[in-house]
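Undergrad: Just add 24 to wherever you are in the sequence shown, counting from 1, and you've got this note's numbering.
For each residue, glycine too, the CB sits at the ideal point set by N, CA and C.
Every value quoted in this text rests on a predicted model; they were computed, and no experiment measured them.
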Amino acid sequence: MADGPDGKGEDDRRGRTIAARLPLEEAFAAVGPAAPAAGAGRLSAVHSVFRRVTIGRAPENDVVVDDMLVSRQHAELHGDPVDGYELVDLGSHNGTFVNGERIRGKARIEQLDVVAVGRAQFRLVDDTLEEYVDTGEITFEARNITVRTGARTLVDGVGLSLRERSLVGIVGPSGCGKSTLLHALSGRRPATSGVVLYDGRDLYAHYDELRRRIGFVPQDDVLHEELRVSRMLEYAAELAFPPDVSRAERSGRVDEVLRELALEERRDQRIDSLSGGQRKRVSVAVELLTKPSLLFLDEPTSGLDPGYERTLMELLRALADGGRTVIVVTHSVQSLRLCDRVLALAPGGRIAYFGPAQLAPAYFGREDFQQVFQDLSTRSDVDWAERFRTHPEHDRYAGAPAVEAAPQIADDLAPASPRQAAARARRTWLRQFRTLCRRNVAQLVGDRRNLALLVLQAPALGLVMLLALPAGQLSPPADGTLRIAAKGGFVLLTLVMAATWLGASNAAREIVRELPIFRRERSIGLSITAYLGSKVLVLGAVTVLQAVVLVALGAALQGGPVDAVALGSPWLELTVAVAAAGIAAMGLGLLVSALAGRLERAMTILPVLIIVEMILAMGGVFPEMVSKPGLKQLSYVASTQWGFSAAASTAGLNDIEPLNGLARAVPTLDLANPAAATRGLAAALRGEPRWDHTASAWGLSMLALAGISLATITGAGLALRRYDPHRR
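So, in structure tokens, the structure goes:
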């Protein structure tokens, strides 16, 4: 086997020689020791504390932290040993933490409390501040990790212990719980029981602080395919780093990552034109922007040919040697010998082996990993977990848990300055909102085919309506005339339904197609309201422009509406009504997109909902369609029905179609009892109250559309919360 970039080929040969010449127990010992006890960071400096100490990235601070996750003026510590110390967060972007808890405003600090600012930690000792820096060379331990869902156990009692700069491969048959274990180890979906230690600290208890030091590359690429490589990385950096990090600094970090991953020549290439291996490198690049110490990858080699698979595994080997711990789930076995350790899972999520990669086949009594996989899949007569548990080297690699001293959580974590906390939240929200809006526009412009469809949809539908709909239906009848078969309601319904379809279809793909990206960005502090707000603004602008085109073309020959009730211009008022119906449908599309989970599921649900919306709105033209019990009540939550009502109010549908109301009230005439037939004619001729040509009727419909839009967008936000990283 050829040497990798780190000389691992020599280690492989040595491992095979050891396995061949020594008994298995002696071979384990010869390969090297297990992970040492977890540390608590690297002591880099000791700072004197006298009255007031400022901490931040700017050089004028008393304590300068060279970390782009740290704000220029991040926090300050003031006080003395007699009166005590107080830590104040200065409106930092990524927060200040005391014993793993993010402080709001300020907090009292006791002796030996641990303060975290970015990747640096500080400990107060007498009148000094000890600084510990996470250089990336961290230890990692997991003990008795068990994941259950209902009565089913997905992962059962898995333990491992890793030294610094480790590359670990997790392998096993399909369905044995590899991805579930990876999510538990990373803290994204905590285990039901067990403990995960990041450099000796409980990852689950301190997840809010430690999550920015952890990178996670899912099976699906976390990429916006319409963007160029460098531009996408710049947007990711803008969301991750504080606002006071300059554009030049962010671009410099992007350049560093591109060089590290050998992507410099691809920086101006669109992501959808990259090969599978290059796309996976870009996914890794997104995570490396914040210099994580711990990197998880879920089947990154899936779908790659052997050459790309080997190249990617060599890249992961180099990343580990560069000062990170890398844990990768893989089905590929060609390059497992590049790993320091291999964790083999048996069906049921139980550990079948954890130890040196080059000794794994020998442990199973096989010549290669393919045979090991075959045994794990087919030999149900072997209790693999018990076999490994009783092995003499079990405790060396997956033994007893390390003891961690539980930190004393500071009592005073209440916000001392609500204004400062609120101001920080507003700044963060606005910055995320602006960045996401720019990225959404860049995606829209970058996908030229989709952009062409968006541009052509409304003109195409408008031209069809212009040619197909009867003319002059929205103008009042001439004096002394009465329309017998007026079609104004049908014209308005067509406009509203076209806007509804466009609004919903524009939004239905928007969230579900980038769920992996959303989950990643949410794990590092993305605001759901900023995310949804950016979608609403950009998609809403598209929907409004489409409504303008639909009304301009579709109603061009209708001779009306001729009078407004609220906005002064009847054409503006009609356009607003149609656009509001489209935006309400857009909210429904976002809700479907957030709930569906998969793109094909969203596109299956959407047409059904649109047809239901259409049926519920048909009461304006075919009243018998919603006269059944339940349907009429259900129509009150249909955006199309309220959009039609608003448009009908502007057009004065009760006035231009008086006989339509009569026909709805008296579909048949009993000539033998004309008195009975004439009862209720006055009310029928008055028409539907929601269609009255009054400001109150139009305002009621618009208020209902606003309520439906708010409800669906809120529902989308609540649906997105299920993807949040959560504590056990």
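Quick check on DSSP: helix, strand or coil for V70?
TA: strand
Undergrad: To which residues of the same chain is T459 closer than 7 Å at the C-beta, ignoring the five residues directly before and after it?
TA: The answer, listed in chain order, is Y259, E262 and L263.
Undergrad: In chain order, what are the residue ranges of uninterrupted alpha helix (DSSP H) at least 4 long that sit wholly in the stretch 565–626?
TA: 594–620
Undergrad: Of all the options G301, D329 and D679, which has the alpha carbon lying nearest to the alpha carbon of L339?
TA: With distances taken between Cα atoms, L339 lies closest to G301.
Undergrad: Which residue from A588, L539, A69 and A370 puts its Cα closest to that of T402?
TA: Answer by Cα proximity: A370.
Undergrad: Name the residue from R374, T664, L727 and V87 whose alpha carbon lies nearest to the alpha carbon of G183.
TA: Of the residues R374, T664, L727 and V87, the one whose Cα lies closest to the Cα of G183 is R374.
Undergrad: So, for G108: in the same chain, excluding its five sequence neighbours on each side, which residues have a beta-carbon less than 7 Å away from its beta-carbon?
TA: R132
Undergrad: What are the boundary residues of the beta strand (DSSP E) that includes K19?
TA: Limits of the chain in this structure are 25 at one end and 752 at the other, which puts residue 19 out of reach.
Undergrad: Applying the 10 Å Cβ sphere with the 16-neighbour rule, what's the burial state of F74?
TA: exposed
Undergrad: Is the Cβ-Cβ distance between K304 and P330 less than 8 Å?
TA: no
Undergrad: With a cut-off of 8 Å on the beta carbons, I'd call A571 and I732 a contact; round off their distance for me.
TA: About 16 Å separates the two Cβ atoms, so there is no contact after all.
Undergrad: Quick one: what does DSSP say S185 is sitting in, helix, strand or coil?
TA: strand
Undergrad: Would you call the stretch 313–327 in contact with the stretch 231–241, where contact means no fewer than 3 C-beta pairs closer than 8 Å?
TA: yes
Undergrad: Is it true that the CB of V515 sits closer than 8 Å to the CB of T664?
TA: no
Undergrad: Give the single residue among R625, R147, T628 and K656 whose Cα lies nearest to the Cα of I639.
TA: K656
Undergrad: Alpha carbon to alpha carbon, what distance is there between H117 and R413?
TA: 46 Å
Undergrad: Is the separation between the beta-carbon of L612 and that of T736 shorter than 8 Å?
TA: yes
Undergrad: Whole angstroms are fine: how far does the CA of Q497 sit from the CA of G584?
TA: 8 Å
Undergrad: Measuring straight from C-alpha to C-alpha, what distance separates D268 and G676?
TA: 55 Å
Undergrad: Between which two residues does the alpha helix (DSSP H) holding L340 run?
TA: P330 to D345
Undergrad: When burial is assigned at 16 or more other CB atoms within 10 Å of the CB, is E280 buried or exposed?
TA: exposed
Undergrad: For the stretch 139–185, which segments carrying the beta strand (DSSP E) assignment without a break, of at least 3 residues, lie completely within its bounds, in sequence order?
TA: Within the stretch 139–185, the complete beta strand (DSSP E) runs of at least 3 residues are 144–149, 152–157 and 164–173.
Undergrad: Sort D405, P380 and Q395 by Cα distance to H418 and report the nearest one.
TA: P380
Undergrad: Rounded to a whole number of angstroms, what is the C-alpha to C-alpha distance between V479 and V350?
TA: 45 Å
Undergrad: Return the first residue and the last residue of the beta strand (DSSP E) that V219 is part of.
TA: S217 to Y222
Undergrad: Between S254 and V278, is the Cβ-Cβ spacing less than 8 Å?
TA: yes
Undergrad: Could you tell me which residues DSSP puts in a beta bridge with T349?
TA: L318
Undergrad: Would you list the one or two residues that DSSP bridges to F388?
TA: Looking at the DSSP assignment, F388 forms no beta bridge with any residue, so it has no partner.
Undergrad: In the DSSP assignment, find the unbroken alpha helix (DSSP H) run with D679 in it and report its ends.
TA: L677 to I680
Undergrad: Just checking my contact of A626 with S617 at CB under 8 Å: how many whole Å lie between their CB atoms?
TA: 5 Å
Undergrad: Roughly how many angstroms separate the alpha carbons of L491 and D716, rounded to a whole number?
TA: 29 Å
Undergrad: Measure the alpha-carbon distance for E289 versus R450 and round it to whole angstroms.
TA: Pairing E289 with R450, the inter-Cα distance amounts to about 38 Å.
Undergrad: At the level of alpha carbons, what is the spacing between M337 and P540?
TA: 22 Å
Undergrad: If you drop the 5 nearest sequence neighbours on each side, which residues of the same chain put their C-beta closer than 8 Å to that of T216?
TA: T170, V171, R172 and R752
Undergrad: Counting only runs that start and end within the stretch 238–312, where is the alpha helix (DSSP H) found for 4 or more residues in a row?
TA: 253–264, 271–284 and 300–312
Undergrad: From G667 to I535, what distance separates their C-alpha atoms?
TA: 25 Å
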